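A short write-up of the structure that comes next.
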Amino acid sequence: MSNCEKYLDLISAYFDGEVTDAETAELEAHFEACEECRSILETYREMSAELIEDTEDVPEGFSAGVMDKVAAYEKNISARKQRKNLGIAGRWIGIAACIAIVLVAFPRMPNLGCGASKDAVMESTMSGSAMNDAASPQEDMFAGGTGAMPESSVDFSSSDSDGNAGDVTTDAAPESDEECHDTSAENKFDRAGVGMVVTLYGVEVPEELEASEYEVTYYENGDVEYIVPVSVARDIAAQYDNAEVEVLDADIEEMNARIIIKK
Amino acid sequence: MDELKLIGRAKKGDRKAFESLVKLHEKNVYNLALKLLKNREDALDAAQDAFLKAWISIASFRGDSKFSAWLYRLTYNTCLDVLRKAKKGEVISLTSTDEDEKVTDVRDDAPTPEEHAEKQELRKTVRDAVDALPEDYKQIIIMREFTGFSYGEIAEATGLSDGTVKSRLSRARQKLAEILRQTGTFSENDRHKNSKEVTDCE
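Chains as they are written, first to last, in this note's numbering: chain W, 2 to 264; chain B, 4 to 205.
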């Protein structure tokens, strides 16, 4: 390798101010002796100046357009929260209703709603009323309310209600147990927010994820976090050998999972 | 109001503050998208989406990096997604054809029509040369020139190592200079100088 070839990467880095003091000294000494390399540096300067100057003014109404998208997004989010709250309220109403039924049916039963006796009574009752209540907001969350999003913004478009219906039934069942035992569990679920964490490394956003309804956070370090239905997370996790899956003792009821795509 | 205060307010949900942030950075973000996508409509959409992503996640912004750096990264990734989708659906061409003819300069800094025309011509030549670069080279050179990112920041945003960033940028510039040389963009003197093999000198 000749001297100048050795300096090529250094010239580019020197132009970008990405060289050490020692490299600067070495390169500047070389520039003194080498017209070719000085000329290369000058070429880089010219190219850069032309590139930087080649800009356009932003189209009129740009920032207003951004704020329209922000408003549409916020509207969509608040609509979803409303649906979710209604869902939670509906579920508690369902539970209250089933307790009322039990009260009427078994007025003198000890440890109402919890303990061994509930196995026989609560389970069958829950599957009839509260379970349906738990399922309906979930379907609603997956399937509806996407009209507010602008066409080009984050994709909340399609639904996944078919696949999720089954999960609602199987996953929600053990959860109803906890509700009977411990009402503080609801707070824990809200706080934890997810029942499953899938970490993927250096992969593009999987198509299944793009096709599902999700909430997303873009972190400064480049990581992107999605909150998605558990069923979607399971499908995605199954595709990647290096997927790290952590199951949390929370929120299966809410059917949320966190998918983190790391750089 | 300074940027930090605006960010603080936007984090609390102040949309006016966020709009001020948009106005501060819109030109750079839009032009970065325009360079990467070569189409005004796509660039407008991608740039606005990048800002929307910033709004969605601003609560998570801790200031470990500059706000502009975060925005540029969001823009860059949004544009790459657009390109990937276009590639799959072949909706828009990834290589420049007549598309870039539409992207012309709006600003007019040149004092005379002749100088203006000359400047326009030169810019177009450089733009064409950038478009003629392999996609990897094009993206890294645009990222460096338009965002002012350090090598470390580019490495972080692209997932490349610092060493690869350094060498790829160097190769990209060499290739760009070679293309411009072939088109006769540089003066006779420059062309003469650049056309000689660099290995000639000591």
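Backbone N, C-alpha and C define an ideal beta-carbon position, used for all residues, glycine too. Being a predicted model, the structure only gives us computed values, none of them experimental.
So, at 8 Å on beta carbons, what are the nonlocal neighbours of residue i in its own chain, with the 5 sequence-adjacent residues on each side left out?
i          : result
Tyr-140(B) : Arg-171, Arg-174, Ala-175, Lys-178, Leu-179
Ala-258(W) : Val-195, Gly-196, Met-197, Val-198, Val-199, Ile-228, Val-229, Pro-230, Val-231, Val-233, Ala-234, Arg-235
Leu-9(W)   : Ile-41
Asp-165(B) : Tyr-154, Gly-155, Ala-158
Val-20(W)  : Leu-11, Ala-14, Leu-28
Thr-100(B) : With a pLDDT of only 37 at Thr-100(B), under the threshold of 50, the placement of this residue in the model should not be trusted; the figure read from the coordinates follows. If we look at Thr-100(B) and ignore the five residues flanking it on each side, it has no Cβ neighbours.
Compute the distance between the beta-carbons of residue i and residue j, then report whether it is under 8 Å.
i          : j          : result
Leu-55(B)  : Lys-7(W)   : no
Asp-224(W) : Ile-260(W) : no
Val-129(B) : Met-48(W)  : yes
Leu-47(B)  : Pro-207(W) : no
Ala-132(B) : Leu-86(B)  : no
Ala-52(W)  : Glu-148(B) : First, the amino acid is wrong: residue 52(W) is Leu here, not Ala. Yes, the Cβ-Cβ distance between Leu-52(W) and Glu-148(B) is below 8 Å.
Tyr-45(W)  : Leu-28(W)  : no
Val-217(W) : Glu-226(W) : yes
Asp-52(B)  : Glu-221(W) : no
Leu-201(W) : Ala-239(W) : no
Met-4(B)   : Tyr-79(B)  : no
Val-25(B)  : Val-67(W)  : yes
Alpha helix (DSSP H) containing residue i: first to last residue?
i          : result
Glu-6(B)   : 6–14
Thr-167(B) : 165–185
Val-233(W) : 231–240
Glu-29(B)  : 18–40
Glu-44(B)  : 43–60
Start and end of the beta strand (DSSP E) containing residue i?
i          : result
Asn-257(W) : 257–263
Val-217(W) : 216–219
Thr-200(W) : 197–202
Val-206(W) : Here Val-206(W) belongs to no beta strand (DSSP E), and DSSP marks it neither H nor E.
Between which residues of its own chain and residue i is the CB-CB distance below 7 Å, once the five residues before and five after are set aside?
i          : result
Ala-72(W)  : none
Cys-5(W)   : Cys-35, Glu-37, Cys-38
Cys-82(B)  : Ala-36, Leu-39, Leu-40, Ala-49
Ile-237(W) : Val-199, Pro-207, Glu-209, Leu-210, Ile-260
Gly-116(W) : Low local confidence applies: a pLDDT of 37 at Gly-116(W) is under 50, so the model's placement there is unreliable, with the coordinate-based value given in what follows. Excluding residues within five positions, none has a Cβ falling inside 7 Å.
With a CB to CB cut of under 6 Å and the five nearest residues on each side skipped, what residues in its chain are close to residue i?
i          : result
Arg-12(B)  : Ala-20
Ile-41(W)  : Ile-12
Ala-135(B) : Ile-182
Leu-113(W) : Only weak support is given to the placement of Leu-113(W): the predicted model assigns it a pLDDT of 40, under 50, and the question is left unresolved by the model.
Lys-14(B)  : Ile-61, Ala-62
Ile-143(B) : Arg-171, Leu-172, Ala-175
Pro-151(W) : Reliability fails at Pro-151(W), whose pLDDT of 34 lies under 50, so the model's placement of it is uncertain and no value is given.
Val-246(W) : Val-199, Ala-238
Quiz prompt | Complete runs of the alpha helix (DSSP H) confined to the region 130–160 of chain B [at least 4 residues] | solution = Those alpha helix (DSSP H) runs which fall completely within the region 130–160 of chain B and span 4+ residues are 138–150.
Quiz item: Hey, is the region 55–75 of chain B in contact with the region 14–33 of chain B, meaning 3+ C-beta pairs nearer than 8 Å?
Solution: Because the criterion of three Cβ pairs below 8 Å is met, the region 55–75 of chain B and the region 14–33 of chain B touch.
Exercise. Please specify which runs of the alpha helix (DSSP H), each continuous and at least 4 residues long, are wholly inside the region 8–70 of chain W, giving them in chain order.
Key: For the region 8–70 of chain W, the continuous alpha helix (DSSP H) assignments of 4+ residues that do not extend past its boundaries occur at 22–34, 36–54, in sequence order.
Practice problem: Determine, using beta-carbon pairs with one atom in the region 53–67 of chain W and one in the region 154–164 of chain B, whether at least three such pairs fall under 8 Å. | Solution: Judged by Cβ distances under 8 Å, the region 53–67 of chain W makes no contact with the region 154–164 of chain B, as fewer than three pairs qualify.
Quiz item: Does the count of Cβ pairs from the region 25–33 of chain B and the region 67–75 of chain B closer than 8 Å reach three?
Solution: Judged by Cβ distances under 8 Å, the region 25–33 of chain B makes contact with the region 67–75 of chain B, as three or more pairs qualify.
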